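Residue numbers are given in the working numbering: position 586 of the sequence shown equals residue 570, and the series is strictly consecutive. C-beta: ideal position from N, C-alpha, C; glycine also. Keep in mind that this is a model prediction, so the values were computed, not measured. A quick write-up on the structure given underneath.
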Amino acid sequence: MEKEMNNAKKPNRAALAEKPAGKLPNEVKEILGKLKRHFGKTLETASMEELYKASALCIRDEILDLWMNANSRVEKEGKKQVYYLSAEFLMGRAYTNNMINMGILEKYRKTFEFLGLDLNEVADQEKDAGLGNGGLGRLAACFLDSLATLELPAVGCGIRYEYGLFRQRIVDGEQVEMEDNWIEDGFVWEIERPDEEIEVHFDGEIEEVWMEDKMVPVHKNYTTVLAVPYDVPITGYQSKCPATLRLWSAKAKKRFDIKDFDQGKYFQAIQEREMAEAISKVLYPNDNHEQGKLLRLRQFYFLTSATIQSIVRKHKRLHGNLRTLPNYVTIQINDTHPTLAIPELMRILLDEEGFNWDDAFALVQSLFNYTNHTILSEALERWDEQMFKLLLPRIYSIVQAMNEKYCRWLNKFYKNDMDRISRMAIVAYGQIRMANLCLAVVGHVNGVSQLHGDILKKELFVDEYRVNPGKFMAITNGITHRRWLAVANPGLTQLMTEYIGNRFVGDYREFEKLLPFAEDETFLKKYAAVKQENKKRLAAYLEKKQGVQLHTDALFDVQCKRLHEYKRQLLKCLHILYLYNKLQENPNFITQPIVFLFAAKAAPGYARAKNIIRLINAIGELVNNDPVTRDLLQVVFIENYGVSSAQLLIPAADISEQISTAGMEASGTGNMKLMMNGALTMGTMDGANVEIYEQVGPDNIFIFGAREEEIFAMKRYSNYRPGEIYEKNIDVRNALTRLIDGSLPGVSVHQFSDLYQSLLFGDYNNSADPYFVLHDFAAYIHTFDRARHKYQRNPMGWMKMAVVNTAKSGFFSSDRTIREYNERIWHLHHFAE
Ligand code: 26W
């Protein structure tokens, strides 16, 4: 085959199609076979998309061999598995990633070369699986990659949303949301399992019925929704134990009773079908803001009931007795969204398996663990008690019973401190609080960075911490360096391989071997050249997608993440307005060209966040067109930020903006991706930034702004006065004034007055500048100045810092994170053991 391929000078699909099949390389023959069987096409007639699918199906075949073998061994040998329950899995594309993990990337690159095609172009046909909003969903995806790579038996369970997170367009500077029907043309990696369908019951009422010698609750008049699992094999690097992503899809139950179709019932039947199937229709696009919608509660019960029933069913088939379940299964709850798994398992144990309360509760306690991902109070999941009771009557009565026992137990500790106990209760003031339910039950509660873990103990869950300190821990997040380096940055991967070999792909500890080369000038030059190529790659993408021409010789400053006030995209906006103002006074105020790249989706209902997007685009129009600034400053908003655009954007960055108000970003994971790809962090001491600082040391990072304790104190004593900063600091005043004085093109003077107002005066439910933007403004300006001077005056010194960042980023591999979860919580054995 090698010879054949090398001989092919100018490959041409039409010419190849003429060739007798016997003469073709094996991979080509296989692709041809898939084209024929699945699409009735030949090489000549197939579209790029069909070529992508045909080749993906070939790759899938190779994966299926490993996966089926691993699954049967895990069952036969009774290996313990982790079930990672999550409402979101932000997977992105699988194609190139799978090829790297399977060690077949070069083989396929050559195959496509032989066909006269570029592998990257084929890979571009795949739609992103965007079944998540942001950090929490992407973390779940990185974890699956690491679980598979470390060969720890794992199943991720989620919802097969027909519509993922909306696609974002910018029209006249504003965000417009469009549907993401990612599954419309088929998803090649999944396998439907109709034989493992599960019934989930909603609504109705509970009746106590006398059975044998006791009263048993019986659920009557419920409505049934079928949950159909679709399994996706998740490869790991050189792994013989792929993980499984099991996504549940909702289906209406077929009506067999002809009487149901009597007059009148026909309409109702179809309506019920639509209601049932609405459950897995669409991912809620909110990030960090829970609205308590009925359909969302239905989604979460659907996910958790189907998952728990399938775990129970499988365990009974293999081992008979549910009392041994904790020897074979451990369950991680990704934030509170899948918390209903807890009362659902209680229900099955009590109502169907004859357990008494104490035995059932003990079993449940040893099975579940909970990860918290946010301390924002508006993100904490609470349900209206009446709504909950109507939708899930039996689950409600179990939660009530849990609450009673928990409060009684708390009363032993906090004697008659009713205020505190009602704050800690699961059910109170007409609401059901899911975080409190988790705290009352699970074995371990973890935060996602060291700082976040401390805040959980000292602030958010302080009362629970006093009762049960041993439960709390912090496990710092990570990212899979396969996707975020090997797939996203082939240039750097190749360079690293040249210098330290390729073992780092499977072993994150190898990253440090790069450290000595931070002193090696030849290496630094090559590293800089890779960065430059990545800037050009991004520029080509943006030119094609948005018709924008990037200044590729500039410093690239990148802020990419969900749009949220606490992440302070507004601080960046004020910074750019400040530079604009200074340049108006003095056109030589800076001489280093800077490109400011923003990428962010705002929740469709979050008006202020959407207005900040409008502001970014208005600032872009101002500075990109002003003759004084247009050669020095360029502001670009990248549309439709998601996993695939992140893979292009992150490797091109010089500066990584991580400027959240201290204490508010639980961890951040974009910060890790950017660091690994050699961007220097401009950051507050927040989330995992603190640990990036510890890894790279003060000389290789730019830290500024109020610390968490200071923010905490200002909030507590209500002594923060942004108005005083406005009075004293003329730069703040001038930047802010641009928001309301008609300087910004394309909008009315009133467009941004809400932003101005919120910073200086606050609004109906907030104090002025609740995220301390003005407080940190001066420190930010100062620190950014330091960074741009360094970049300009000593480019090789900058590259040296960048290399230190890459070399020290191994700690942030999710392989390290998963190892910690396993050692401290799950205790799974490696597949090979
Ligand atoms: C709509 C309600 C809602 C509430 C919270 C939706 C989504 C959430 C998530 C918990 C928000 C989230 O993604 N949190 C992020 O989790 C990441 C992974 O741990 C962290 O790195 C981020 O700091 C945190 O914001």
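Grouping DSSP H, G and I as helix and E and B as strand, with all else coil, what is residue i?
{"i": "P611", "result": "coil"}
{"i": "L841", "result": "There is no way to answer for residue 841, as the model of the chain reaches only from -15 to 817."}
{"i": "R93", "result": "helix"}
{"i": "R122", "result": "helix"}
{"i": "C422", "result": "helix"}
{"i": "Q735", "result": "coil"}
{"i": "R777", "result": "helix"}
{"i": "F756", "result": "coil"}
{"i": "P9", "result": "coil"}
{"i": "L554", "result": "helix"}
{"i": "E(-14)", "result": "Low local confidence applies: a pLDDT of 38 at E(-14) is under 50, so the model's placement there is unreliable, with the coordinate-based value given in what follows. DSSP places E(-14) in helix when its eight states are reduced to three."}
{"i": "C141", "result": "strand"}
{"i": "Y68", "result": "strand"}
{"i": "P201", "result": "strand"}
{"i": "K(-7)", "result": "Residue placement at K(-7) cannot be trusted, given a pLDDT of 39 that sits under 50; what the coordinates show is reported in the next sentence. It is coil, neither helix nor strand."}
{"i": "I600", "result": "helix"}
{"i": "Q275", "result": "coil"}
{"i": "F507", "result": "helix"}
{"i": "S350", "result": "helix"}
{"i": "Y449", "result": "helix"}
{"i": "H535", "result": "coil"}
{"i": "T653", "result": "coil"}
Tell whether a beta-carbon distance below 9 Å holds between residue i and residue j.
{"i": "G667", "j": "E641", "result": "yes"}
{"i": "T460", "j": "S433", "result": "yes"}
{"i": "A253", "j": "A234", "result": "no"}
{"i": "P137", "j": "F815", "result": "yes"}
{"i": "E336", "j": "T288", "result": "no"}
{"i": "A148", "j": "D164", "result": "For clarity, residue 148 is Gly in the given sequence; the question names Ala instead. Yes, Cβ-Cβ distance for G148 and D164 is below 9 Å."}
{"i": "I643", "j": "G689", "result": "yes"}
{"i": "L120", "j": "N318", "result": "yes"}
{"i": "K204", "j": "E189", "result": "yes"}
{"i": "Y354", "j": "L423", "result": "yes"}
{"i": "F823", "j": "N430", "result": "Limits of the chain in this structure are -15 at one end and 817 at the other, which puts residue 823 out of reach."}
{"i": "L664", "j": "V716", "result": "no"}
{"i": "M783", "j": "Y483", "result": "no"}
{"i": "F73", "j": "G170", "result": "no"}
{"i": "W367", "j": "L281", "result": "yes"}
{"i": "Q872", "j": "V446", "result": "Since the first residue shown for the chain is -15 and the last is 817, residue 872 is missing from the structure and cannot be characterised."}
{"i": "M75", "j": "L50", "result": "no"}
{"i": "F286", "j": "V209", "result": "yes"}
{"i": "E505", "j": "P754", "result": "no"}
For the ligand 26W, I want to know if residue i counts as a neighbour, meaning its beta carbon is within less than 8 Å of at least one of the ligand's heavy atoms.
{"i": "H428", "result": "no"}
{"i": "L120", "result": "yes"}
{"i": "H203", "result": "no"}
{"i": "Q642", "result": "no"}
{"i": "N609", "result": "no"}
{"i": "S651", "result": "yes"}
{"i": "L123", "result": "yes"}
{"i": "Y268", "result": "yes"}
{"i": "D319", "result": "yes"}
{"i": "Q275", "result": "yes"}
{"i": "E365", "result": "yes"}
{"i": "G140", "result": "no"}
{"i": "G671", "result": "yes"}
So, at 7 Å on beta carbons, what are the nonlocal neighbours of residue i in its own chain, with the 5 sequence-adjacent residues on each side left out?
{"i": "I724", "result": "V733, F736, S737, Y740"}
{"i": "E2", "result": "none"}
Could you pull out every residue in the same chain whose Cβ sits closer than 8 Å to the Cβ of residue i, ignoring the five residues on either side in sequence?
{"i": "I622", "result": "L526, Q530, C544, L581, F582, A583, S629, L633"}
{"i": "P4", "result": "none"}
{"i": "Q553", "result": "Q543, L547, F582, A584, I596, I600"}
{"i": "I43", "result": "Y79, N82, M83, M86, I88, Y92"}
{"i": "R292", "result": "Per the sequence presented here, residue 292 reads as Ile, with Arg not at that position. Result list for I292: A325, E328, L329, I332, in chain order."}
{"i": "L19", "result": "K25, T26, L27, A30, E34, L35, A38"}
{"i": "R257", "result": "A236"}
For residue i, collect the residues of the same chain with a Cβ closer than 6 Å to its Cβ; drop the 5 residues on either side in sequence, then sort them by chain order.
{"i": "L89", "result": "M83"}
{"i": "H299", "result": "L309"}
{"i": "E(-14)", "result": "Summary for E(-14): the model assigns pLDDT 38, below 50, so the residue's position carries little reliability; its value from the coordinates is reported in the next sentence. Hits under 6 Å: none found."}
{"i": "M(-11)", "result": "Here M(-11) scores only 42 on pLDDT, less than 50, and its place in the model should not be relied on; the value that follows carries that caveat. Same-chain partners within the cutoff: K94, F98."}
Does any residue of chain B bring its CB to less than 9 Å from the CB of residue i?
{"i": "K60", "result": "Going by chain labels, chain B is absent from the structure shown, which holds only one protein chain."}
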